[in-house]
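Q: Numbering (the working numbering), first residue to last: 1 to 272.
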């Protein structure tokens with residue numbers, strides 16, 4: 001299996017608390033992006049102690065309460081399935097705090113991490129505050145929910161976005177990359193993709209490759225898999241009959257998303 005493709009670990013931490021995924025600097029090629037998925041049964045809790053990392057807690061499904069020891073946000077979360085295609089609630093917390101997440105209902109929670117050296121206010125990112133975009137045309141259409149875009153100064157490093165791609169369409173396409181610290185032309189941002197499929201027995205294809213092809217991997221990605229993008233282009237293709245959801249986490253030395261399209265395929269953007 002590719003070192004970029006992560007299957008669910010489903011590590012039981014306590015009764016009703018399951019660590020589905022854990023991506024850290026120690027167990028991956030990523031130095032700026034960390035990522036976890038936690039499943040919680042009703043009335044169970046999960047604690048995360050932050051030192052030099054900031055965190056965005058995304059209520060993927062279910063209702064949760066999030067506290068940083070000073071502020072608490074109760075009964076947040078808007079959907080039972082990500083494929084309701086509506087934004088959800090999230091909470092941003094900067095470093096030097098301990099975060100407790102408690103499930104009000106059965107819940108799946110994403111924890112998105114990046115380096116942090118400046119304490120910023122804890123913030124509830126309400127569902128209605130997500131910027132919703134419709135990008136692309138023809139078989140390149142997708143719906144985007146901007147949870148923590150680079151236009152929002154609430155975070156030090158983190159960028160967080162959800163993307164829905166309908167059946168037989170392509171996403172993160174034409175192939176683009178952001179692996180050069182070369183502003184204003186391109187920014188260096190690592191990235192992770194947490195994928196879900198509808199119906200859940202589906203799969204998508206994701207290719208991660210560099211200009212010189214020193215990295216070139218194509219993966220069949222199944223429901224609840226994670227794909228890591230330390231560098232390179234990273235398009236996603238969705239087979240007929242299935243819809244795709246993914247949650248992106250990005251971070252790097254500068255908190256700006258400036259990408260470079262692969263020149264061979266850039267022409268599709270300007271088709272009539």
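Glycine included, every Cβ here is placed at the ideal spot set by N, Cα and C.
All values reported here derive from a predicted model rather than from experimental measurement.
If you draw a straight line from the alpha carbon of residue 223 to that of residue 66, how long is it in whole angstroms?
A: Straight-line Cα distance between these residues: approximately 26 Å.
Q: Would you list the residues sitting across from residue 123 in a DSSP beta bridge?
A: Beta-bridge pairing links residue 123 to 92.
Q: For residue 173 and residue 235, I'd like the C-alpha separation in whole angstroms.
A: Roughly 5 Å between the two C-alpha positions.
Q: Could you check the C-alpha separation between residue 83 and residue 164 for me, to the nearest Å?
A: When rounded, the distance between both Cα atoms is 8 Å.
Q: Per DSSP, which one or two residues make a beta bridge with residue 19?
A: DSSP output for residue 19 lists 11, 38 as bridge partner(s).
Q: I need the DSSP call for residue 82, collapsed to helix, strand or coil.
A: Here residue 82 sits in helix by DSSP.
Q: Where does residue 206 land, buried or exposed, given buried means 16+ other C-beta within 10 angstroms?
A: Residue 206 is buried by the Cβ-count criterion.
Q: Report the rounded CA-to-CA distance for residue 52 versus residue 270, giving the unit in angstroms.
A: Each residue's alpha carbon lies about 43 Å from the other.
Q: Rounding to the nearest angstrom, what Cα-Cα distance links residue 29 and residue 230 in this structure?
A: When rounded, the distance between both Cα atoms is 6 Å.
Q: With three or more beta-carbon pairs closer than 8 Å as the criterion, would you say the stretch 151-170 touches the stretch 239-251?
A: They touch, by the three-pair rule.
Q: From 46, 92, 178, 129, pick the residue whose C-alpha is nearest to that of residue 116; which is it?
A: Comparing Cα-Cα distances from residue 116 to each of 46, 92, 178, 129, the minimum goes to 92.
Q: Count the other CB atoms within 10 Å of the CB of residue 267; is the residue buried (16 or more) or exposed (fewer)?
A: The residue in question, residue 267, is exposed, as its Cβ has fewer than 16 Cβ neighbours within 10 Å.
Q: Name the residue from 89, 187, 166 whose alpha carbon lies nearest to the alpha carbon of residue 241.
A: If we check each option's Cα against that of residue 241, 166 comes out closest.
Q: If you follow the beta strand (DSSP E) that residue 74 is part of, which residue opens it and which one closes it?
A: Run containing residue 74: 72-76, per the beta strand (DSSP E) assignment.
Q: Would a C-beta distance cut-off of 8 Å place residue 96 and residue 148 closer than the cut-off?
A: No; because the gap between Cβ atoms is not below 8 Å, this pair is not in contact.
Q: State the CB to CB distance for the pair residue 232 and residue 204, rounded to an integer number of angstroms; the pair is presumed to be in contact (CB under 8 Å).
A: The Cβ separation is near 17 Å, so there is no contact.
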